[in-house]
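The next block holds one structure in the form of structure tokens; read it before the comments.
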Amino acid sequence: MGQLSLVLLLLSAQWSCAQEDPLLPFSEHLDPENNVRLKWGFDEIRGTILFELTVNTSGWVGFGFSSKGGMTGADIIIGGVGPKGSYFTDRHAGGNSMPTVDQQQNYKLLSLKESDGKTVMKFQRSIESCDENDLPITNLPMKLIYAYGQSDDIMYHSNRRGTKEVNLLKYMPRVNPPNSKYFDMTMVNFTVPDKQTYYHCKTMKAPTFDRKQHIYRIEPFITNIDLVHHLLLYRCPPSVTELSEAECYTTLMADECMENTAVWAVGGGDFELPEMAGLPIGGNVGDVFYRLEVHYNNPNKSAGRVDNSGLRFYYTSELRQHDAAVLVTGLVVAPGYAIPPKAKSFLTYGLCDTAYIPQVLETPHDLQVFSLMMHTHLAGRKVRVGHFRGGKQIDFLAVDENYDFEYQDVTNLGKTKTVKLGDKLLVECTYNTENRTTLTWGGLSTSEEMCLAFLYYYPAMNLSGCMSFPNVTTLRSEMGSPSLNAWRNMMYNMTWNNTSINQYQQTLKRIDQLVIIADSFTNISRNTGTIPDLKVVPPAPCMSGCAIKSLALISPLLCLAVHWASS
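Residue numbers -18 to -1, 1 to 549, in mature numbering (1 follows the signal peptide of the UniProt record, and there is no 0), belong to the letters of the sequence shown in order.
Laid out in structure tokens, this is it:
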């Protein structure tokens, strides 16, 4: 009996893994009876969104978007498998009547199956609207409408219909699993120094659990929204066994607790992990300490302000399929490079070469990246995270062409993206310093700059950072200043114009980089690399016409009719 249970457990785990589609990470039941399930994923870079609709019926199925939740003005698809084969049409509704077939068919049917009383329809469309009869999918919650019949005769559906509002592009599951509880990690009555920039670190012991738990939601707790610039929580190695509190990045706090677990920055909100992953905590590991880092940005140098900011962690004993973790990528934060003044669009780069991860980990593996937060300071205007394999760019992990310092958030990528060992990730940041008259150095202050991307991924590894920094010796040599002091003086005294700015930027990109991989403890690998060329991937054109559809699944007469109506 025990062996049979083990076999069933293994089969169940295999089935669960098989059901996990990295292209469809999100799901919602649209009706209270759970007869209509929508799964989806999206690619904001290419401008497409993918849906899979499963409905408990052998009849027709309708799904769409409505500005007010009703039929009038709705953007609708209707499909099913009838006696004469599959059918699937893009339509729009003028009122409570049969929706009209669009002249331009902008939904791409990928598969349509009916079995065991269920109809499963997978289809794709552009995120933007392709014609006047389509509704664009935005970052705001949208009203999704559905209806279905018990036969393939499309007719009024009095009780098999409904509406549900879902934010498709900014989705958070908001699940409340059984045995859900929370704990807080915060500052306690800390008096913020009257300094423009101050980093405070507090090492504290995490709650103890006799078995592993999974953190599934993180909420910021900010008591001084005008002072708190960002929060970082680091997991400490076993060597850290005492409570402490002091200014960060001093001798006391320099080399401990470097495995990032959670991140929050200005403008960010709650963050919910996807259903297949959770941040692990507890188990038979003894006491575990964490370091909370709070960056206080106090430009007015206000005195006497007391702060209790931190993070709230919701956890459950109902474990998810994977342990999740955070990997910091980008440009090492240090004053060895500078952004010149008067620059309209100056680029910096941080390279992560995962080929070097085996130098610090015994059993490394691929990363399944599902969320990300980009981070610069006040001069940042764009951030792109390029993905390279075999010397060629294959994708972007994420792109923000309108980066705003006031709105930094952990965002879902829309689908789970695989970073294989040996792949390279390039974080490119674009800065504007047209209103500045002096150099902007890399550093911790808000008036200085950073170029970082925090990647949430699974399965977790004991890994803290994968970053790079320009080879300063090569940089000085290229610019004809072998000594550090001479180079700094040259940078301060240089006449910065379009020509000199461009030459300096090209030099920074061309020279070799110091690539640094750090595990969760003290192991660090140092190698060299070069910055690859990053090319913008154009978005996919609007999907239209029967040529893009799976012709085996569509009535030839319908294609002919659509073609005739469009000509």
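Glycine included, C-beta positions come from ideal geometry on N, C-alpha and C.
Checklist entry - Since Tyr486 is in the beta strand (DSSP E), which residue starts that stretch and which ends it? => result Run containing Tyr486: none in the beta strand (DSSP E); it sits in the alpha helix (DSSP H), Asn480 to Arg492.
Checklist entry - Measuring CB to CB, does Tyr297 end up less than 8 Å from His196? => result Tyr297 is a Cβ neighbour of His196, given a cutoff of 8 Å.
Checklist entry - Assuming Val365 and Leu395 make a contact with CB atoms under 8 Å, what is their CB distance in whole Å? => result Incorrect: roughly 14 Å between the Cβ atoms, too far for contact.
Item to check | Residue span of the beta strand (DSSP E) that contains Asn467, given as start and end | outcome: Not the beta strand (DSSP E): Asn467 falls in the alpha helix (DSSP H), residues Leu466 to Asn475.
Item to check | Where Thr156 falls, given that 16 or more other Cβ within 10 Å makes a residue buried | outcome: Before going further, note that residue 156 is Arg rather than Thr in the sequence given. Label assigned to Arg156: exposed.
Item to check | Burial state of Ala129, where buried means 16 or more other Cβ atoms lie within 10 Å | outcome: Flag for Ala129 reads buried.
Item to check | Residue span of the beta strand (DSSP E) that contains Thr415, given as start and end | outcome: DSSP places Thr415 outside any beta strand (DSSP E), giving it a letter other than H or E.
Item to check | Where Pro202 sits in the DSSP three-state scheme | outcome: The three-state reading of DSSP puts Pro202 in strand, counting E and B together.
Next on the checklist: Assuming Tyr181 and Val174 are in contact, meaning their beta carbons sit under 8 Å apart, how far apart are those beta carbons, in whole angstroms?
Outcome noted: About 11 Å separates the CB atoms of Tyr181 and Val174; that is not less than 8 Å, and the two are not in contact.
Checklist entry - Would you report the Cα separation of Arg287 and Pro441, rounded to the nearest angstrom? => result Cα to Cα, Arg287 sits roughly 41 Å from Pro441.
Checklist entry - Distance, Cα to Cα, Glu300 vs Ser162? => result So the alpha carbons of these two residues sit roughly 9 Å apart.
Checklist entry - In its own chain, which residues sit with a C-beta less than 7 Å from the C-beta of Leu5, not counting the 5 before and 5 after it? => result In chain order, Gly23, Leu32 and Lys397 place their CB closer than 7 Å to the CB of Leu5, counting only its own chain and leaving out the 5 sequence neighbours on each side.
Item to check | Supposed contact pair Arg199 and Met258 - C-beta distance, whole angstroms, cut 8 Å | outcome: Contact between Met258 and Arg199 does not hold, since the beta-carbon distance rounds to 15 Å and is not under 8 Å.
Next on the checklist: On the DSSP bridge list, what partners appear for Pro123?
Outcome noted: Partner(s): none; Pro123 has no beta bridge.
Next on the checklist: Tell me which residues share the same chain as Gly447 and place their Cβ nearer than 6 Å to its Cβ, disregarding the 5 neighbours each side in the sequence.
Outcome noted: Excluding positions up to five away in sequence, the list reads Val310 and Ala500.
Checklist entry - Buried or exposed: which applies to Lys66, given that a residue is buried once 16 or more other Cβ atoms fall within 10 Å of its Cβ? => result Lys66 counts as exposed, since fewer than 16 other beta carbons sit within 10 angstroms of its beta carbon.
Checklist entry - Under the rule that 16 or more other beta-carbon atoms within 10 Å means buried, what is Thr243, buried or exposed? => result By the C-beta density criterion, Thr243 is buried, having at least 16 other C-beta atoms within 10 angstroms.
Checklist entry - Looking at the C-beta of Ala306, does it have a partner C-beta in chain B at a distance below 8 Å? => result The question asks about chain B, but that chain is absent: this structure has only one protein chain.
Checklist entry - If we ignore side chains and look at the alpha-carbon of each, how far apart do Gln375 and Leu343 end up? => result Approximately 26 Å, taken between the alpha carbons.
Checklist entry - Count the other CB atoms within 10 Å of the CB of Tyr486; is the residue buried (16 or more) or exposed (fewer)? => result By the 10 Å Cβ count, Tyr486 comes out buried.
Item to check | Rounded separation between Met449 and Leu516 - CA only | outcome: Distance from the CA atom of Met449 to the CA atom of Leu516, rounded to whole angstroms, is 17 Å.
Checklist entry - What residue ranges within the segment 227 to 256 form continuous beta strand (DSSP E) runs of no fewer than 3 residues, ordered along the chain? => result Taken in chain order, the whole beta strand (DSSP E) runs of length 3 or more contained in the segment 227 to 256 are 241 to 247.
Checklist entry - Expressed to the nearest angstrom, what Euclidean distance is found between the alpha-carbon atoms of Lys152 and Ala325? => result Approximately 33 Å, taken between the alpha carbons.
Next on the checklist: With three or more beta-carbon pairs closer than 8 Å as the criterion, would you say the segment 73 to 86 touches the segment 53 to 60?
Outcome noted: Yes, the segment 73 to 86 is in contact with the segment 53 to 60.
Next on the checklist: Just to confirm, is the Cβ distance from Tyr385 to Phe328 under 8 Å?
Outcome noted: Not in contact: Tyr385 and Phe328 (Cβ atoms no closer than 8 Å).
Next on the checklist: Tell me which residues share the same chain as Val170 and place their Cβ nearer than 7 Å to its Cβ, disregarding the 5 neighbours each side in the sequence.
Outcome noted: Exclusion of the five residues before and after Val170 leaves Asn290 as the residues of its chain whose Cβ lies within less than 7 Å of its Cβ.
Checklist entry - Can you tell me whether DSSP reads Met111 as helix, strand or coil? => result A small fix is needed here, since residue 111 is Ser in this sequence, not Met. Collapsing the DSSP output to three states places Ser111 in coil.
Checklist entry - For Tyr153, does the three-state DSSP call read helix, strand or coil? => result In the three-state scheme derived from DSSP, where H, G and I count as helix and E and B as strand, Tyr153 is classed as coil.
Next on the checklist: Please report the distance separating the alpha-carbon of His369 from that of Asp335.
Outcome noted: His369 and Asp335: Cα-Cα distance of roughly 10 Å.
Checklist entry - Under the three-state reduction of DSSP, which class applies to Ser162: helix, strand or coil? => result DSSP places Ser162 outside both helix and strand once states are collapsed to three, so it counts as coil.
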